[in-house]
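Asker: In the working numbering, the protein residues as written are 318 to 1198.
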RNA sequence: GGAAGGUUAGCUCAGCUGGGAGAGCAUUCGCUUGACGUGUGAAAGGUCGCAGGUUCGAGUCCUGUACCUUCCACCA
């Protein structure tokens, strides 16, 4: 029994069932298989904090396209999925959700809190994975991982130990970025610089022993004054030479601080005198180190002033600022206040202004590990697509600072360091030590801090494959082939994966990094929760289907570029799906129950050869584009082929033959070409292609594992392509004339077709014989093919095309004057073309320097237009007489 | 203060290594042709930001310039 497609295309009723089938059949699962070459992509693990957004939809569509394509090409294609614990992001979410329930994190304690976190992870981790299923993602869910599962945690511990033993991980007191709201340290990457309207407060510091003499400093942060331990001037600044070495009275305190000289100070900027607060500014910290200044911390972890601040103790940093400025003013030391816009570091997650503080933290030394990561780009072992991101990556690595990896959070990988309670020795170890080597004590406490979330995701490409264990998976699938991600996490993630992988495995984690941009709203704004302009991919899927969403996201999207999301575009995508659905339905309606014999070359007609040749060429071009990650261009070609050539022309031509001798050849061609085109389209629109393909080929279980169309030389028919192109030109010409002359649709006329030369005539004669009722295409009552225009009436209208002239006897409908006008216009066009060709061909430099093929091409064009011009002029002559 | 990207049809965007400007949407005019009106046939619409340069030939390569966007950066 012949299977049929449903009458209307209904993605909603289709997609879930097909996905279920794929899962049940295990098509997504990849295994170590020595007979095949591996192709691997690791999925950037989505955070368990939220749900699928358009960025995920784009990212995963691109990956799924690549993985489905390679799977069809015969690779053992592994798409390794998983989720990220997202340390601080999740901790904040869980904390807030507990707060809503009236539960305080600190009251319930660490262990209980972590239980809540795991509950959260179970709920949201599953949710986002299910959402990815809706997208059609063909990831190997059997291998799903989590950054805090046992294996990944082992990998984290292993790497920490190794780096520590090598001296790359150290604990030290350094100035770090501190978020007073989240109360944790941050890495440089997590600090976002934002321009803020602030002020420059000019303050007088009295010179000790010189009544009435002051040094004027300018600061944007007067509240840090209490932590000042010096004032610096440039050593070459003539204005202040005599001050260096003198002492100043620090206002609001009873301390005295020295004036020092340091080339860090810019003479031209501000007053040329800088207050130095080593404990609260990274630059001052460095200056302090050079001059051996004391570091005075004046703040608490929550951003309030500490006990050293006297009357200001306990005040929030901004409140303290206000009061101190007032007090300075009272004391007559405030010179002036100047509005000033400057860049302020903020925490990228909560927006709080970051406070630089000196804290004891764990760091990763970056200098040595950055080197091979830089080389990987230089040797070409690693490349970004598009290449311009190479530079961005390199610039970051070349200016890298040590990475602060400890966080004062609970949700994350706990640092494997233990402090001996009796002597304070810190021991880094996989397990809690038994006895202290220094004092013999046996009471230890594990470091309460956890690791930066990116420490574990940096290991993702290999930890998910079983590393540090020597697994067959790791041997086979690693290094992975391509990483697909947005440009926004190159520094956070891509860079760290590269140096971690090279350090731990000796190899790059992937060879290509395909970068995509952001999906913006229709006005070009970033989709965000606060703006409420986000569009939920699931809503799009619900309304138009996952295939339409996927096509929308990939159409016209060039690597690295942002795109805008339009509902109209989704509609257009859905229309395309509907188009191929109906085309397929039509083909199947006409297909016989049994098998169709493969036609011999003789049985294949020019139209068949043309479309076979075309799909062959398109397959090659599409593959070439995909190799270069030009997915937007590739899908455009598939789309245009299916719609413009296959549906609009080939199916229409095939219809003419359904009652002719060549019916079977046409049906076989329809089925074959459709099947091939569906394969090309499958990575982009997996659901609809699966449904059609399996219905069209009942013996096939799935399109997912069908062989990717390869170019076949014996399917290349350039002459037939030429002939059909000429035929299309001719049909269009006749249709246009009829329309221009307002010929009613019902009125059919006879046509006389005169080929340019006998060969053309023979070709058209052959075509006519094979096309069935060719008349229908041009609304003719009959078509005569002649070697000259014998019998053509005086009033026939002429259509001149490159390989034939067509005469249409429209008699009473013909307006001679109008025809003369039209033909004159046509003639002018020819003149223009001829002049253009002549212009090039008469240029000796063109003829001598341009490639021979290009010159010949131009000569052919010239000949063609000259012939057409002659035809037009003949016709004009006839009218004018 | 550096760096990158953008500037192409009314709108949103493609355009690979240089060889006669493209798509989708929108607009205008036709079509009850038995797969599809979520369709079909046509039309209109662009000095490819501006100025130079290289080349037989430049949207495409080079230089400069204007405007927009983004990233990086320790000038208090």
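Where a beta carbon is used, it is the ideal one built from N, C-alpha and C, also for glycine.
Hey, could you find the ends of the beta strand (DSSP E) residue 1101 is sitting in?
Answerer: Residue 1101 -> beta strand (DSSP E) spans 1097-1103.
Asker: Give every residue of the same chain whose Cβ lies closer than 7 angstroms to the Cβ of residue 1013, excluding the five residues on either side of it in the sequence, and list them in chain order.
Answerer: Hits under 7 angstroms: 901, 905, 988, 991, 992.
Asker: Which full runs of the beta strand (DSSP E) of 3+ residues lie inside the region 351-433, going along the chain?
Answerer: As far as the region 351-433 is concerned, its whole beta strand (DSSP E) runs of at least 3 residues are 355-359, 393-397.
Asker: According to DSSP, is residue 897 helix, strand or coil?
Answerer: Residue 897: helix per DSSP, three-state reduction.
Asker: Go to residue 643, then tell me how far its alpha helix (DSSP H) extends in each direction, as first and last residue.
Answerer: Residue 643 -> alpha helix (DSSP H) spans 634-647.
Asker: Would you tell me roughly how many angstroms separate the C-alpha atoms of residue 714 and residue 814, rounded to the nearest one?
Answerer: So the alpha carbons of these two residues sit roughly 13 angstroms apart.
Asker: Rounded to the nearest angstrom, what separates residue 1129 and residue 1050 at their Cα positions?
Answerer: Their backbone Cα atoms lie some 20 angstroms apart in a straight line.
Asker: Using only CA atoms, which one of 618, 536, 632 lies nearest to residue 591?
Answerer: Taking only the C-alpha atoms, the option nearest residue 591 is 536.
Asker: Can you tell me whether residue 611 is helix, strand or coil according to DSSP?
Answerer: Looking at residue 611 - three-state DSSP - the assignment turns out to be coil, as it is neither helix nor strand.
Asker: Where residue 912 and residue 985 are concerned, what is the direct C-alpha to C-alpha distance, given to the nearest angstrom?
Answerer: Rounded to the nearest angstrom, the two C-alpha atoms are 9 angstroms apart.
Asker: What does a CB cutoff of less than 7 angstroms around residue 826 pick up in its chain, not counting 5 residues either side in sequence?
Answerer: Only 778, 779, 796, 797, 814, 815, 818 meet the Cβ criterion.
Asker: Extract the residue ranges of the beta strand (DSSP E) inside the region 1039-1113, only unbroken runs of 3 or more that lie entirely within it.
Answerer: Qualifying beta strand (DSSP E) stretches, in chain order: 1066-1072, 1097-1103.
Asker: Do you know how far the Cα of residue 605 is from the Cα of residue 544?
Answerer: Roughly 12 angstroms between the two C-alpha positions.
Asker: Between residue 512 and residue 727, what straight-line distance do the alpha-carbon atoms span, to the nearest angstrom?
Answerer: Near 32 angstroms, if we compare the C-alpha coordinates of residue 727 and residue 512.
Asker: State whether the region 384-401 contacts the region 455-466, with contact taken as three or more CB pairs (one from each stretch) at a distance under 8 angstroms.
Answerer: Counting Cβ pairs under 8 angstroms, three or more are found: they touch.
Asker: Helix, strand or coil for residue 574 per DSSP?
Answerer: Note: residue 574 maps to strand in three-state DSSP.
Asker: Is the separation between the beta-carbon of residue 402 and that of residue 465 shorter than 8 angstroms?
Answerer: For residue 402 and residue 465, yes; Cβs fall inside 8 angstroms.
Asker: Under 8 angstroms between the Cβ atoms of residue 1022 and residue 389?
Answerer: Contact flag set, yes.
Asker: In terms of alpha-carbon separation, which member of 1148, 1137, 1165, 1145 lies closest to residue 1198?
Answerer: Measuring from the Cα of residue 1198, the nearest candidate turns out to be 1137.
Asker: How many Å lie between residue 1152 and residue 1097 at the Cα?
Answerer: Looking at the two C-alpha atoms, the distance is approximately 36 angstroms.
Asker: If you draw a straight line from the alpha carbon of residue 318 to that of residue 997, how long is it in whole angstroms?
Answerer: Unreliable positioning characterises residue 318 in this predicted model, as indicated by a pLDDT of 46, which lies under 50. A coordinate reading is not provided.
Asker: Roughly how many whole angstroms lie between the Cα atoms of residue 263 and residue 668?
Answerer: The structure shown has nothing for residue 263, since the chain only spans 318 to 1198.
Asker: Using the Cα positions of residue 426 and residue 601, report the straight-line distance between them to the nearest angstrom.
Answerer: In a straight line, the C-alpha of residue 426 is about 38 angstroms away from that of residue 601.
Asker: Tell me which residues share the same chain as residue 620 and place their Cβ nearer than 7 angstroms to its Cβ, disregarding the 5 neighbours each side in the sequence.
Answerer: Within the same chain, residue 620 has close Cβ partners 497, 633, 634, 672.
Asker: Check each candidate in 372, 321, 455 and name the one with the smallest Cα separation from residue 337.
Answerer: Ranking 372, 321, 455 by Cα distance to residue 337 puts 455 first.
Asker: Specify the secondary structure class of residue 495 as computed by DSSP and reduced to three states.
Answerer: Strand, per DSSP.
Asker: My output table needs one value for residue 1020: the three-state DSSP class, helix, strand or coil.
Answerer: Residue 1020: coil per DSSP, three-state reduction.
Asker: Buried or exposed for residue 765, going by 16 or more other Cβ atoms inside 10 Å?
Answerer: So residue 765 counts as exposed.
Asker: Can you tell me where the alpha helix (DSSP H) holding residue 762 begins and where it ends?
Answerer: Not the alpha helix (DSSP H): residue 762 falls in the beta strand (DSSP E), residues 761-763.
Asker: Measuring straight from C-alpha to C-alpha, what distance separates residue 718 and residue 776?
Answerer: Approximately 20 angstroms between the Cα atoms of the pair.
Asker: Along the chain, which unbroken stretches of the alpha helix (DSSP H) at least 4 residues long are found entirely within the region 463-531?
Answerer: Segments of the alpha helix (DSSP H) lying fully in the region 463-531: 467-482.
Asker: Helix, strand or coil, according to DSSP, for residue 963 in the structure here?
Answerer: It is helical.
Asker: Closest by CA to residue 1145, which one among 1183, 1165, 1167?
Answerer: That would be 1183, whose Cα lies nearest to the Cα of residue 1145.
Asker: So, helix, strand or coil for residue 798, using DSSP?
Answerer: Strand at residue 798.
Asker: Under three-state DSSP, which class holds residue 584?
Answerer: Three-state DSSP puts residue 584 in coil, outside helix and strand.
Asker: By the DSSP assignment, the beta strand (DSSP E) with residue 1192 in it spans what residues?
Answerer: Looking at the DSSP string, residue 1192 is not in any beta strand (DSSP E); the run it does join, the alpha helix (DSSP H), is 1169-1197.
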